[in-house]
Amino acid sequence: MPGSRVLPALACPVCGSALAPDALPRPSLLRCPNGHSADVARQGYVSLLRGRHATSGDTAAMVQARAELLGSGHYRPIQEAVAAAVPADARLVVDLGCGTGAYLAAVLDAHPGAAGLGLDLSAPAARRAARAHPRAAIATADLWQPLPLADGCADALLTVFAPRNAPEMLRVLRPGGTAVVVTPRERHLHEIRPVFGMLGIDAGKAERLDEQLAGLALTERRELDYAVDMTPAELRAEVLMGPSAHHVDAGALDAVLAERERTTDVTVAVTVSVFTRA
Numbered sequence: 044m045p046g047s048r049v050l051p052a053l054a055c056p057v058c059g060s061a062l063a064p065d066a067l068p069r070p071s072l073l074r075c076p077n078g079h080s081a082d083v084a085r086q087g088y089v090s091l092l093r094g095r096h097a098t099s100g101d102t103a104a105m106v107q108a109r110a111e112l113l114g115s116g117h118y119r120p121i122q123e124a125v126a127a128a129v130p131a132d133a134r135l136v137v138d139l140g141c142g143t144g145a146y147l148a149a150v151l152d153a154h155p156g157a158a159g160l161g162l163d164l165s166a167p168a169a170r171r172a173a174r175a176h177p178r179a180a181i182a183t184a185d186l187w188q189p190l191p192l193a194d195g196c197a198d199a200l201l202t203v204f205a206p207r208n209a210p211e212m213l214r215v216l217r218p219g220g221t222a223v224v225v226t227p228r229e230r231h232l233h234e235i236r237p238v239f240g241m242l243g244i245d246a247g248k249a250e251r252l253d254e255q256l257a258g259l260a261l262t263e264r265r266e267l268d269y270a271v272d273m274t275p276a277e278l279r280a281e282v283l284m285g286p287s288a289h290h291v292d293a294g295a296l297d298a299v300l301a302e303r304e305r306t307t308d309v310t311v312a313v314t315v316s317v318f319t320r321a
């Protein structure tokens, strides 16, 4: 059940009204004044999805691969950069497309006075993220639909390799609030993308991001570039943790990786952009 600092931020996915715990007959429900309800799963996350979805987000296998790769520490510099970009006085940090919850957890570790809320379409991701940090609440939600969040509820928003619904980001971010956005650059994983048939990265991402978030003011932009040595197992996790998993044959991937005995030098190249709402 979401804590007292997170609960006021949640909104009914049907009508947008505030949600409150339903003491009777089912304490595992949140209910709005209009009688709509949201289930609190036994794994600890709230289901704020509405209706049927053509996709259910990341699969359990993709979530497991992401957890394995993030557990290697290769993306730790990105986690640290995201945490450093969040203002020290942030009280509620909302991670849009939270995945395993690793980035939100890193922010909460660095900001002991903050509470966190992570949203993701994937139920397997929500189950794992619900265990990521004691001060984080997690909900399943469709980021392309109106977010089940109250106006101006977030002191800080995170979108790390995740979809960006710009109008909704502007709505839920409080005046003076901060949005931290992480996007890959063309050189990101360039050594392995063509080898394993991974999806490419379009040029001009930063320019399109600025256009997309024109309602926010860009206050800082930092490029992170570093190299990591990935084992064959880590390469497999890297390939299968994201959208490329839908296009790569896992059996063929394993056959290629079986021929690799040593680590592979891989470039991590991302942009961390920080925006502020006026």
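Per the working numbering, residue 44 is the first one in the sequence shown, and the count goes up by one each step. For every residue, glycine included, the Cβ atom is placed at its ideal position computed from N, Cα and C.
Taking the beta carbon of residue i as the centre, do at least 16 other beta carbons fall within 10 Å, making it buried, or is it exposed?
i, result
"residue 293", "exposed"
"residue 251", "exposed"
"residue 242", "exposed"
"residue 290", "exposed"
"residue 279", "buried"
"residue 247", "exposed"
"residue 141", "buried"
"residue 320", "buried"
"residue 277", "buried"
"residue 54", "buried"
"residue 269", "exposed"
"residue 196", "buried"
"residue 97", "Interpretation of residue 97 is limited by its pLDDT of 49, a score under 50 that renders its predicted location unreliable; the figure taken from the coordinates is listed afterwards. Its Cβ having fewer than 16 others within 10 Å, residue 97 is exposed."
"residue 304", "exposed"
"residue 109", "buried"
"residue 281", "buried"
How about residue i and residue j: are their beta carbons less than 8 Å apart?
i, j, result
"residue 209", "residue 258", "yes"
"residue 121", "residue 267", "yes"
"residue 33", "residue 91", "The chain is shown from 44 up to 321; residue 33 falls before or after that span and cannot be answered."
"residue 167", "residue 102", "yes"
"residue 199", "residue 88", "no"
"residue 283", "residue 104", "yes"
"residue 143", "residue 113", "yes"
"residue 273", "residue 117", "yes"
"residue 62", "residue 74", "yes"
"residue 76", "residue 60", "yes"
Would you grab the beta carbon distance between residue i and residue j for me? Rounded to a whole angstrom, and I think it's under 8 Å.
i, j, result
"residue 176", "residue 159", "6 Å"
"residue 265", "residue 124", "6 Å"
"residue 262", "residue 225", "About 15 Å separates the two Cβ atoms, so there is no contact after all."
"residue 314", "residue 249", "6 Å"
"residue 307", "residue 232", "Rounded, the Cβ-Cβ distance is 10 Å, inconsistent with contact."
"residue 139", "residue 201", "7 Å"
Just list the alpha helix (DSSP H) runs in the segment 114 to 181, keeping only unbroken ones of 4 residues or longer that don't cross its boundaries, in chain order.
119 to 128, 145 to 153 and 166 to 172
Would you mind listing the alpha helix (DSSP H) stretches within the segment 187 to 233 that are 4+ residues and don't spill past its ends, in chain order?
209 to 215
Contact between the segment 218 to 237 and the segment 163 to 183 (3+ Cβ pairs under 8 Å):
no
Is the segment 124 to 133 close to the segment 188 to 195, with three or more CB pairs under 8 Å?
no
If you scan the segment 231 to 289 from start to end, which runs of the alpha helix (DSSP H) of 4 or more residues do you find wholly inside it?
236 to 239, 248 to 255 and 275 to 283
Contained alpha helix (DSSP H) runs [length at least 4] in the segment 50 to 91, N- to C-terminal order:
none
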